[in-house]
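Before any comments, here is the structure.
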Amino acid sequence: MAEFGYFQGYLLYGPLVAKVGYVLHKGEIKNDETWCLHILILFSFRVIVHLLWSAYSSMLFLNRNRRINQHGVEFDQIDAESHWDNFLILQAMAASILYLSFPSLANLPTWDLRGFICCIILHITISEPLYYWLHRLLHSSSLFHHYHWLHHSSKVIHPFTGAHATFLEHILLCVIVGIPTLGTALIGYGSIGQMYIYLLAFDFLHCLGHCNVEVFSSRLFEIIPFLKILIRTPTYHSLHHTDMKTNFCLFMPLYDKIWNTMNTKSWDLQKEISSKTTSRVPDFVFLAHVVDVMSAMHAPYLFRSFNSNPFGIKPFLFPVWPGTYVVMLIMWAKSKTFLFNFYNLRGRLHQTWVVPRFGFQYFLPFAKEGINNQIEDAILKADRLGVKVISLAALNKNEGLNGGGILFTNKHPNLRVRVVHGNTLTAAVILHEIPRDVDEVFLTGATSKLGRAIALYLARRKVKVLMLTLSTERFSKIQKEAPVECQQYLVQVTKYQAAQHCKTWIIGKWTTPREQYWAPSGTHFHQFVVPPIISFRRDCTYGELAAMRLPDDVEGLGSCEYTMGRGVVHACHAGGVVHALEGWKHHEVGALDVDRIDVVWEAALRQGLKPV
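Note that the sequence shown covers residues 1 to 612 in full-length UniProt numbering.
Right, here's the structure in full:
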């Protein structure tokens, strides 16, 4: 069901929901009828436990120094683990069957301390050793490739990996969980509280072991050495996935110790990872920003499966909108930038940092200084760390905000990090989308950095460019930059009506549906405006924002960049990638160098990037 991604499986809860709804409607809830309600509540809490651990595991800005496996979770793994919650449905069905088989379970008290103690004893003496031997048995050559390979197919362990297993394994897990819970009830000490605590604690510890983040301090085990046989740390379990002949225990390494299957590196590695204070320095950073509250929820630490697909408005986003808005306000007030995601390309680490500002704030005059300060702090941080290239996303390089980044390079002339706005490749992508036989285009945002470069490039190709601008002075300045023999191809227009016979529109400034009306039928709208214009005309076609597909050898990529497809990034992001891969030493800020458009395009293709 993939973090609310698919709801079909949850229809199996329908009879329980119907039963609870019926008794609530009657207003008379008997003991035997509360059992259905407890199943629904308990398994809702279990989903939340997994989602919270998944969120923490993906919060790179909190745990990047203590990550065990430094690779990112890729799309294939996310898709494979999308039905991680099937075991919860199975166990809910099993609980319903047990209720029908043992009606006395409906009369359990709310709490019984004896039952809690009995449950712990049954877990330690039966469930733990039984799981250990079943686990070892599943690693035998005859069973592994049929029943246990699926769990080990995940390259990077994640809280959902713990539930990524075959049907047989889920059945065995039902037995492991059922022995302490059902056993305590049958002995006569069972209680509702004991059921809740044991199952939620079981899920909590299971997710902890698969979270890929070392959460325990090594000092804890130095002070209390006995804990080494009582607690399975994330590092301890991660070694089982790299050396499958060791560390078979469920939660207690005691049994690995008893039967001599404990990995000798377990505690040295745990100390090494938990003691880390720094992480690998990225070679390239893309400095992004938030578009709006809805897009803020398109983050890997919220809904992983949702983030692994292009962003779109989904119904399940609306209930969590208020909470997300509050969190964004806190981050806006407290944070400078935070690490969003990462991937590896040819041995080089590429990271995305995010400025916690909403898109509309970039157009508020009083917010300009604060936003520039946050961008400047990010550039200086990258410089201190030793980052080679930092690329600015759409609004972070706005001309009216900081002149396309030139404000920062002028203020800090000794920067070692190269600041790149990526607009040269953006211009190249747009220009290469335009068919070679086009002899006239209509251009809005004509005097912007991108508009100017596109107009000059097309004029050199002897394409007539209708430049929409009210400023004759700015138009004349651009026209004079063109070769004398090409200046006639740049034409100033002041109204959209001037383009009513032109079928190629390049949109660099927000265009309303009423203004789009002037385009003739069959027009194609190319665009580099953020946010994109509304696809209003049914008789016209609309291009996406300029983008490129990353090279095939990219590793650890499991996030989609806003509305882009898998493996596709905005052209300004791709421009920074090319800058880093080519090892160029210059800043790319301010006005575009028209002569470099073809140079950057050819470099992008040479490095394996592809047009979309």
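The C-beta atom is built at its ideal place from N, Cα and C for all residues, glycine as well.
Problem - Alpha carbon of residue 243 to alpha carbon of residue 262, nearest angstrom - result: 11 Å
Handout entry: Option in 190, 156, 138 and 184 with minimal Cα separation from residue 166
Key = 138
Practice task
Give me whichever residues DSSP pairs with residue 144 in a beta bridge.
Solution key: In DSSP, residue 144 forms no bridge with anything.
Exercise for the section: Please confirm if the stretch 563-572 is in contact with the stretch 368-385, defined as three or more CB-CB distances below 8 Å between the two stretches. Expected result: no
Practice task
Please name the residue, chosen from 289, 47 and 127, that lies closest to residue 182 on a Cα-to-Cα basis.
Solution key: 127
Practice task
Would you kindly check if the distance between the Cβ of residue 327 and the Cβ of residue 203 is under 8 Å?
Solution key: no
Practice task
List the DSSP bridge partners of residue 464.
Solution key: 440
Practice task
Measure the CB-CB distance between residue 45 and residue 200 and report whether it falls below 8 Å.
Solution key: yes
Exercise for the section: Out of 478, 457 and 156, point me to the one whose CA is closest to residue 77's CA. Expected result: 156
Practice task
Give every residue of the same chain whose Cβ lies closer than 7 Å to the Cβ of residue 59, excluding the five residues on either side of it in the sequence, and list them in chain order.
Solution key: 301
Practice task
Determine the closest residue to residue 618 out of 510, 444 and 532, with distance taken between C-alpha atoms.
Solution key: The requested residue 618 is not part of the displayed model; the chain covers only 1 to 612.
Practice task
Alpha carbon to alpha carbon, how far is residue 532 from residue 297? Give it in angstroms, no decimals.
Solution key: 19 Å
Problem - Cutoff 7 Å; reference residue 430; Cβ partners in own chain excluding five residues on either side - result: 454, 506, 526, 528 and 546
Exercise for the section: Could you check if residue 351 is buried or exposed, using at least 16 other CB atoms within 10 Å of its CB as the buried criterion? Expected result: buried
Problem - Three-state secondary structure assigned by DSSP to residue 276 - result: coil
Handout entry: Test item: CB-CB of residue 289 and residue 393 under 8 Å
Key = yes
Exercise for the section: Assign residue 420 to one of three DSSP states: helix, strand, or coil. Expected result: strand
Problem - Straight-line Cα distance separating residue 587 from residue 412 - result: 12 Å
Exercise for the section: Per DSSP, which residues does residue 342 bridge with? Please list them. Expected result: 351
Exercise for the section: Whole angstroms is fine: what's the gap from residue 163's alpha carbon to residue 112's? Expected result: 30 Å
Handout entry: Option nearest residue 514 by Cα separation, candidates 482, 497 and 524
Key = 497
Handout entry: Nonlocal neighbours in the same chain, by C-beta distance under 7 Å from residue 57, ignoring five residues either side
Key = 158, 159, 211, 212 and 213
Exercise for the section: Would you decide whether residue 319 is buried or exposed? Buried here means 16 or more other CB atoms lie within 10 Å of its CB. Expected result: exposed
Practice task
Count the CB pairs spanning the stretch 273-289 and the stretch 245-256 that are closer than 8 Å, and state whether there are at least three.
Solution key: no
Problem - Burial state of residue 552 (16 or more Cβ within 10 Å) - result: exposed
Exercise for the section: Report the residue from 483, 294 and 339 whose alpha carbon sits nearest the alpha carbon of residue 65. Expected result: 339
Exercise for the section: Determine contact between the stretch 474-487 and the stretch 413-429, defined as no fewer than three beta-carbon pairs at a distance below 8 Å. Expected result: no
Exercise for the section: Consult DSSP for residue 324 and reduce its assignment to one of helix, strand or coil. Expected result: helix
Handout entry: Length at least 3, wholly inside the stretch 526-607: the beta strand (DSSP E) runs in chain order
Key = 547-549 and 568-570
Exercise for the section: Specify the secondary structure class of residue 57 as computed by DSSP and reduced to three states. Expected result: helix
Handout entry: 7 Å CB neighbourhood of residue 110 in its chain, flanking five on each side removed
Key = 191, 192 and 193
Practice task
Give the single residue among 240, 284 and 605 whose Cα lies nearest to the Cα of residue 151.
Solution key: 240
Exercise for the section: Entirely within the stretch 489-521 and at least 4 residues each: give me those alpha helix (DSSP H) ranges in chain order. Expected result: 513-516
Practice task
Report the three-state DSSP secondary structure of residue 611 (helix, strand or coil).
Solution key: strand
Problem - Where residue 108 falls: helix, strand or coil (DSSP) - result: coil
Handout entry: Selection from 188, 449, 457 and 495 that minimises the alpha carbon distance to residue 474
Key = 449
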